[in-house]
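Notes follow once the structure below has been shown.
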DNA sequence: GTACTTGATGTGGTTGGACCACACGCCTAG
DNA sequence: CTAGGCGTGTGGTCCAACCACATCAAGTAC
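Residue numbers (our numbering), protein chains in the order written: chain Y, 1159 to 1387; chain V, 1159 to 1387.
So, in structure tokens, the structure goes:
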């Protein structure tokens, strides 16, 4: 057992037992090193790993923002992991898109019309109507789809959706340049978004799922996947 | 930008550009530190992160097994990340099981009867028939379900399935103790497994998906979820 | 009395150097 | 030709020191 793994186990134990909860602060690195009878180096390596997994956040200085505190950002961990494995060409982009369709369709079919996340999605749609710049539109589009996923009320699906999005963010951004007529595409996206929202609010989960699948696959098809770009 | 993140970027760049591929070896820590003009500590922190994400594997000593080599184990990264966030009570086990049902049902509906993974699944079923010990049976059961997921041919879904399984492994193991009659349960599981495999080989994806969903949910229901255990 | 300056304190961030355990492969003694 | 030992290179660990930063308290000027 390597030393930093010992520290990892200790911290995970503190988390499991509830002695270290969300928002809680880890002892200072030097203090923790002395407590566990290991070097500060090993403590830092463990903290780095947990930081990469979205469990901790390290802040320098003094005061409430400083120190190493417990956060909960599953998306960060899954996202960078997926991105890295895409970089090694061992997770095809095709599979990521396919998985996203699967998760988001399911989320749409399960989304509750009364969910606050769905209200947020509706607000985002309104903002997209009065939005001219492509970049802003795309940012709102991302948030709309994430809100849609949240509306299903499954934290794991939400986290995975967010991480999938993050993993192919650069890729999707490049695709936008392939579109022949952005204004026409944006108009179509707006219409489809409204259709999805309408299907959910009328409790037609099956139709919502189908619309989401068509929406995503249609975009990637138009933006060049499969057409040589 | 913190120093170790610089190293992370460099390595990710090498991976993206293909100059560092699966099985390739990273320069020695001391060498890399000199190349990038950073301390060995920072290099090591970056390597730790990538190791936790299943991208690198560090080995001491000399020879082919030594050094820091590129691997591809997306499951490890996603699994430990999910497990940690379950520990912080921010990913309910219920959501994990629900997601597993979703992914595995989809995989069953998409599984190709000619897939090598499906043949592997069939072999595992035969072994389970001639298996007496509970522990061995459960180990084979895990491998059967993972093989089922692989048969869909989507690397992302496979990785996520594996990581979900890993994240709740301890939890599921504890559940087994709640079963009133293990032999009866094992017999039922065997029958259901065969039914799933039969549905796939007869190209009845819809039925396979439904059987998988019933199979998983039935097990958790019997083992105590929702019945106070 | 109030407002500003200044220093003490504590945090993570980074570095260089040192030593250890390990595994391989050469090289020598038999 | 064989068997053992030693050199070399790898990651693993630890230490001591220094830096940058943020806060807070004491002190000072007004």
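Every residue gets a Cβ at the ideal spot worked out from N, C-alpha and C, and that includes glycine.
Computed from a prediction, not measured in an experiment: that's the story for all the values here.
- Neighbours of residue 1203 (chain Y) in chain V, taken as residues at a C-beta separation under 8 angstroms, are given in chain order as 1202, 1203 and 1206.
- CA-to-CA, the gap between residue 1325 (chain V) and residue 1240 (chain V) works out to about 6 angstroms.
- The three-state reading of DSSP puts residue 1183 (chain V) in strand, counting E and B together.
- Within the stretch 1289-1318 of chain Y, 1312, 1313, 1314, 1315, 1317 and 1318 place their CB atoms closer than 8 angstroms to a CB of chain V, listed in sequence order.
- By the criterion of a C-beta distance shorter than 7 angstroms, residue 1168 (chain Y) is surrounded in its chain by 1194, once the five residues flanking it on both sides are discounted.
- Counting the other Cβ atoms within 10 Å of the Cβ of residue 1208 (chain Y) gives 16 or more, which makes it buried.
- Taken in chain order, the whole alpha helix (DSSP H) runs of length 4 or more contained in the stretch 1169-1249 of chain V are 1187-1194, 1198-1210 and 1232-1245.
- In terms of Cα proximity to residue 1291 (chain Y), the closest of Y:1253, Y:1341 and Y:1231 is Y:1341.
- Assigned with DSSP and collapsed to three states, residue 1267 (chain V) falls in helix.
- Within its own chain, the residues whose Cβ lies closer than 6 angstroms to the Cβ of residue 1233 (chain Y), once the five positions on either side in sequence are excluded, are 1317, 1320 and 1321, listed in chain order.
- Annotated three-state conformation of residue 1299 (chain Y) is helix, per DSSP.
- Residue environment for residue 1293 (chain V): exposed (fewer than 16 other C-beta atoms within 10 angstroms of its C-beta).
- With distances taken between CA atoms, residue 1177 (chain V) lies nearest to Y:1246 out of Y:1174, Y:1372, Y:1246 and Y:1191.
- Residue 1243 (chain V) and residue 1236 (chain V) have their C-alpha atoms some 11 angstroms from each other.
- Taking the Cα of residue 1362 (chain Y) as reference, the smallest distance to any Cα among Y:1268, Y:1230, Y:1295 and Y:1285 is reached at Y:1268.
- Annotated three-state conformation of residue 1280 (chain Y) is helix, per DSSP.
- Between residue 1344 (chain V) and chain Y, the shortest Cβ-Cβ separation is not below 8 angstroms.
- Taking a contact to require three or more Cβ pairs closer than 8 angstroms, the stretch 1365-1382 of chain V and the stretch 1249-1262 of chain V qualify as touching.
- If you draw a straight line from the Cα of residue 1345 (chain Y) to the Cα of residue 1309 (chain V), it is about 39 angstroms long.
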